[in-house]
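Take the sequence shown: its position 103, counting from 1, is numbered 115 in the numbering used here, and each next residue is one higher.
Idealized CB from N, CA, C, for every residue including glycine.
For reference, the structure is listed below as structure tokens.
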Amino acid sequence: MKGEYHEKTNYKVLKIANIFINIVIAVIVISTIIAIGLSVTQSHLALTNQVGNGIVFDINIPEKLLHSPAFIGLTVIVSVLWIALLVWVKMFFQNIIDNRIFTQDNVKLARYVEYNFIALAFLDSWFQSLCSGSEVLNLVNVAYLVAAFVVWVFSMILKEANIIAEENEFTI
């Protein structure tokens, strides 16, 4: 009985995580739309209160870069990569909730996440260095590469676990 309660609690946590992922995806979509709108229309966002004291949110991005199609495209690509990453994690969580753990689908999802981390290692690093206004372009974010390696190892373990699960299924 205790194990059953523990499993239901874990599934509740995964369901809550899926709801949280939906919220994060919505925030990414909204912030990307706002960022594109601001980059197309103005170089900085200035809000002024009624007394006249202004609150200014200044962006370090050079104005020439801010309005370039390449920068806007990079913004969209990085946002799409993050959304895809979250969708794949959500799909993996849903598979666990549905008790589909040792499946080829989960191995594929892990591989997609791995490839996504590799892409983010470069593109997000470039995006962050451009947004900081730095004249030095960071080539790669090693943390994403480490995450990709960890997910790759996980996918290999999951793949082997699938083989063992299939062998056990035939044995029974």
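Secondary structure at Arg112: coil, using DSSP grouped into helix, strand and coil. Judged by DSSP in its simplified three-state form, Leu151 adopts coil rather than helix or strand. Burial of Lys102 is indicated by the presence of at least 16 other C-beta atoms within 10 angstroms of its C-beta. Take the alpha-carbon of Cys143 and the one of Glu178: they are about 49 Å apart. The alpha carbon of Phe166 has as its nearest neighbour, out of Val39, Phe114 and Leu93, the alpha carbon of Phe114. Val152 is a Cβ neighbour of Phe134, given a cutoff of 7 Å.
Here the C-alpha atom of Ile175 lies approximately 26 Å from the C-alpha atom of Leu26. Judged by pairs of C-beta atoms under 8 Å, the segment 119-128 does not touch the segment 81-91, as fewer than three such pairs exist. CA-to-CA, the gap between Asn180 and Val162 works out to about 27 Å. With a contact defined as Cβ atoms closer than 8 Å, Asn30 and Phe105 qualify at about 6 Å. Rounded to whole angstroms, the gap between the alpha carbons of Ala96 and Asn22 is 24 Å.
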